[in-house]
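There are 2 protein chains.
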Amino acid sequence: MDSKTNISTLMQSLGQSARAASRAMARASTAQKNAALLHIAEAIRAQRHLLKQANAEDLATAQAAGLPEALVERLALSDKAIDTMAEGLEQISNLPDPIGEMLNLRYRPTGIQVGQMRVPLGVIGIIYEARPNVTVDAAGLCIKSGNATVLRGGSEAIRCNTALAALVQQGLAVAGLPPDAVQVIETTDRAAVGAMITLPEYIDVIVPRGGKGLIERIAKEATVPVIKHLDGICHVYIDDEADLDKAIRIADNAKTQRYAPCNTMETLLVAQGIASRVLPPLCKIYQDKGVELRGDEPTRAIVPMNTATEQDWRTEYLAPILSIRVVAGLDAAIDHINTYGSQHTDSIVTENYSKAMRFLREIDSASVMVNASTRFADGFEYGLGAEIGISTNKLHARGPVGLEGLTSLKWIVLGSGQIRT
Amino acid sequence: MDSKTNISTLMQSLGQSARAASRAMARASTAQKNAALLHIAEAIRAQRHLLKQANAEDLATAQAAGLPEALVERLALSDKAIDTMAEGLEQISNLPDPIGEMLNLRYRPTGIQVGQMRVPLGVIGIIYEARPNVTVDAAGLCIKSGNATVLRGGSEAIRCNTALAALVQQGLAVAGLPPDAVQVIETTDRAAVGAMITLPEYIDVIVPRGGKGLIERIAKEATVPVIKHLDGICHVYIDDEADLDKAIRIADNAKTQRYAPCNTMETLLVAQGIASRVLPPLCKIYQDKGVELRGDEPTRAIVPMNTATEQDWRTEYLAPILSIRVVAGLDAAIDHINTYGSQHTDSIVTENYSKAMRFLREIDSASVMVNASTRFADGFEYGLGAEIGISTNKLHARGPVGLEGLTSLKWIVLGSGQIRT
């Protein structure tokens, strides 16, 4: 057999085990799932030397291979990172169990009672970069939501991920759950990803985490549904009826609190009626923080800066760069966002009720905000307790995806002998 | 340009118009949408002669082409069918508007209030057979849910569908809504379907209605998400703690009330502890109604009948044929259903609370029932008011898909100047 056949056989077998384990996970009690999470947390703390040793080997290989310093940093597993992983699992154990929740059970005129029950999706495939903490977070969320999972982390973290997988599987076994509920793909062969995303009979959904290139490729080639977002081109629109203090505070925070996250603002839209009052003090803040500003002509007439091109409206900088456009008002802002945005997160700053309501309804994005920083678009900030990713899909989960995004609702009918006539 | 290029250009332009119209539909008020529905209903009644004339031409063409009698019957538009279409629209106008509903708005410790808002999916593509009533039903559901739609009906109904589309577009215009919100593809070129299902930039979801072959092909080739079901291999499991009267009534109704629907039972599972009591009277009912029975050995030992093969457990007969299997008990029944079923609709008959609860939780189907006929799996019976299709997908809508299935939930954040720290 050639390598591709081998990988395909391996992934088939892995998929079959995952599917079988998913049946047991769907039945697992809340107590069992929480026990597994706490056992794993305990083992991670207890086995920190073993984990750090595996990580040291990964780091040595990565450095020898000349991996960029930023990636090496993300790969490194400090004592603090190990504690954070364990705490994450403890937090997940404290979240309410979403599974088995029954909703909206109502009697129909025929006498049947119809409602819905929340159930696991089944098997979740997760593809991510060389970040060992994602292995533990993702395993924890899948266990709590009653799913089985197949994890494919970046090959640079393979030893650490394999060591973590062993601890996770032991924790599952101690709690009486099938170890195969969490499987880490232990080959670094890239063909495994291709095989994994084309196994709809064994994997119900793929969650890719990582760079845009990886996610685009997966979305294009997958025959399994993919929960994903590609870009975070987020906007703040400062309306002419904005409170000036709120506008400056929010626009500053949305850009400068952190530059790399997907919920950071990339384009600022300012109503022309307020531009001359808000732009000078706000741009001074940006410039003091070293943010490169790129504006359209009306913006540059107020504050000198580089020229923004059409391409800037379509760019996610993920860097201290901001494009700024002066717009006529709400309609132009909505048009701009629905044209150039990425349906991720957009915010309006206004004191006008009607405009706030129109923005909420008419902006077609996963998160739409009034008088708040786009940086709030996050599973923890939304109260989901944890987040497996952010989706800009319109079907199924939108925005930050927590435990509920790993579940679906089936219909249930409670009868007492009814038949249809 | 060759035909394929022409079709591709046509579908691009149609998709662009639909996307533009979907923006206006998302903003439309409940009153406008209801007005459009009532105008269309009125026009359908008023223009019945025109519709019947178009239908007569379709029928003449179909008969000349030798279309099977059953299909010709479904194509025919009687006065009663015309009234039913108009009444359907009036009923949809009476349903609550799902759009703009705000859910679960809760304050977070940071002071922001986080919740969700129900919004349209955008543009729905619907592919169906030569049934003019689907044109009107689908248009009505999409209008009410604030979506734009592109409709592709069977080519045999092209004249009637074109006439209906003109009435729908007039109704939209009178209500101040964009006529392009409902577009019927007026070419009968089959390439249009292929183009339609690969336009993710303009179409957000495809709903195919029709035979399994059509749906399989669409699901395989589509790059747009597809809301679908392929099979309805539905089960009734008669537990050994079933009430005998309920068991017989439900198993009879689930099979014989109608043979063709997807929610009709195809396999009956009977616990061995009750088989000798329930099978003789039940099989007599089936045999009196002319149902061909195919049983496994234990079943045939109780009532003589044809032999069921492995293939029978995987077959959706859509006909007066039933396969019967005697199982050891609940676990074997769950295994059988999760192995051979199609995740459509399955029902248990039992008086035992714990077994009922286990069945509800462990059967991985879109609709799971206790002591009720599988025939209840239907949008009207569930109280959805109407149904655009049935889904056995696990993501997004599961089971009967009504107005809510044509919407998604986005996150909304109501703040008063909050920033993230």
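First to last, the sequence lines map onto chains A and B.
Number 61 in numbering that gives the first Met the number 0 belongs to position 62 of the first sequence; there are no gaps in the numbering.
Number 204 in numbering that gives the first Met the number 0 belongs to position 205 of the second sequence; there are no gaps in the numbering.
All residues carry an ideal CB built from backbone N, CA and C; glycine is no exception.
Item                                                                                                                          : Value
Cβ pair count under 8 Å reaching 3, the segment 392-403 of chain B against the segment 393-405 of chain A                     : yes
Short CB-CB distance (under 7 Å) between Gln184/B and chain A                                                                 : For the sequence presented, residue 184/B should be read as Ile rather than Gln. Taking Cβ atoms only, chain A never reaches closer than 7 Å to Ile184/B, which makes this a no.
Neighbour flag for Lys288/B against chain A, beta carbons, 7 Å                                                                : no
Inter-residue spacing [alpha-carbon to alpha-carbon] between Lys283/A and Val269/A                                            : 16 Å
Residue environment, Leu280/A, which counts as buried when at least 16 other CB atoms sit within 10 Å                         : It should be noted that the sequence gives Pro, not Leu, for residue 280/A. Looking at its Cβ environment, which holds fewer than 16 other Cβ atoms inside 10 Å, Pro280/A is exposed.
Contained alpha helix (DSSP H) runs [length at least 4] in the segment 201-277 of chain B, N- to C-terminal order             : 211-220 and 243-255
Cα-Cα separation between Asn54/A and Met101/B, rounded to whole angstroms                                                     : 47 Å
Strand pairing of Thr398/B, partner residues [DSSP]                                                                           : Position check: residue 398/B holds Gly in this sequence, whereas Thr was assumed. DSSP lists Ser390/B as partners of Gly398/B.
Beta carbon proximity, Phe358/A to chain B, threshold 7 Å                                                                     : no
Asp345/A vs Val367/A beta-carbon contact at 7 Å                                                                               : yes
Cβ neighbours of Ala318/A in the same chain (closer than 6 Å, five flanking residues each side left out)                      : Tyr258
Presumed contact (8 Å Cβ cut-off) between Pro131/B and Leu76/B, rounded CB distance                                           : 6 Å
is_contact[Lys245/A, chain B] using C-beta, thresh 7 Å                                                                        : yes
Buried/exposed call for Pro95/A, threshold 16 Cβ in 10 Å                                                                      : exposed
Reduced DSSP category for Val133/B - H, G, I as helix; E, B as strand; rest coil                                              : helix
Extent of the continuous alpha helix (DSSP H) run through Ser16/A                                                             : Ser2 to Arg26
Chain B contact for Glu361/A (CB, 7 Å cutoff)                                                                                 : yes
Cβ neighbour criterion (16 or more within 10 Å) applied to Ala63/A                                                            : exposed
Of the listed residues Ile214/B, Val235/B, Ile232/B and Ile237/B, nearest to Ile226/B (C-alpha basis)                         : Ile214/B
Proximal residues to Gly175/B (C-beta, below 7 Å), its chain only, five neighbours per side dropped                           : Gln31
For Asp82/A, the first and last residue of its enclosing alpha helix (DSSP H)                                                 : Asp78 to Asn93
Against chain A: residues of the segment 381-405 of chain B by CB proximity under 7 Å                                         : Tyr381, Gly382, Lys393, Leu394, His395, Arg397 and Gly398
Whole-Å CB distance - Asn370/A paired with Val348/A, under 8 Å assumed                                                        : 6 Å
Given 8 Å, three or more beta-carbon pairs between the segment 403-413 of chain A and the segment 222-239 of chain B          : no
Three-state class that DSSP yields for Gly139/A in the structure shown                                                        : helix
Closer than 9 Å at the beta carbon, the chain A residues around Leu413/B                                                      : Ala355, Leu359, Met368, Val369, Asn370 and Ala371
Neighbouring residues, chain A, relative to Ala407/B (Cβ below 7 Å)                                                           : The question names Ala, but residue 407/B is Ser in the sequence shown. Neighbours of Ser407/B on chain A, chain order: Lys393, Leu394 and Arg397.
Touch test, the segment 141-158 of chain A against the segment 105-125 of chain A, Cβ-Cβ under 8 Å, three pairs minimum       : yes
Proximity test, Cβ basis, 7 Å: Arg216/A and chain B                                                                           : no
His38/A classed as buried or exposed, judged by whether at least 16 other C-beta atoms fall within 10 angstroms               : buried
Contact set between the segment 113-125 of chain A and chain D, restricted to residues whose Cβ is under 8 Å from the partner : No chain D is present in this structure, whose protein chains are A and B.
Beta-carbon spacing of Lys3/B, Ala190/B below 7 Å                                                                             : yes
Cβ separation of Ile205/A and Lys143/A, assumed to be a contact under 8 Å, to the nearest whole Å                             : Incorrect: roughly 19 Å between the Cβ atoms, too far for contact.
Which residues DSSP lists as bridging Thr148/A, in chain order                                                                : Ile123/A and Val181/A
Same chain, Cβ closer than 7 Å to Met0/A, neighbours up to 5 away in sequence not counted                                     : Any reading at Met0/A must be qualified, since the residue scores a pLDDT of 48, below 50, and its modelled position is unreliable; no value is offered.
Closer than 7 Å to chain B by CB, Ala365/A                                                                                    : yes
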